[in-house]
């Protein structure tokens, strides 16, 4: 049986993380490059899955894992995880790393 308190904490944590990225994604150093490549870039369609993937992957790999050591594996998993995002790995990896580092 799943602990409802834990589920609530996860939901709260996910919504806090989403709120943070939603409010800050346009100020990230890679955003201008993304906007140049995809002029109609959209947080919900393109970037939210990258931030979610970074957060999820960091918790999966552990707090001592380094992004650089995991990047090849993450790259191969991105295509399956990205859903409707139009970002290729080279575009998404900066947002993924941002979320990874924020954990």
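In the numbering used here, the protein residues as written are 185 to 287.
C-beta: ideal position from N, C-alpha, C; glycine also.
Because the structure is a prediction, the values reported are computed rather than measured.
| Check | Outcome |
| --- | --- |
| Measure the CB-CB distance between residue 227 and residue 209 and report whether it falls below 7 Å. | yes |
| For residue 233, which of 241, 219, 285 and 266 has the nearest alpha-carbon? | 266 |
| From residue 256 to residue 273, what does the alpha carbon distance come to, in whole angstroms? | 10 Å |
| Identify, in the order they occur along the chain, each residue of the same chain with its Cβ nearer than 7 Å to the Cβ of residue 215, setting aside the five sequence neighbours on each side. | 209 |
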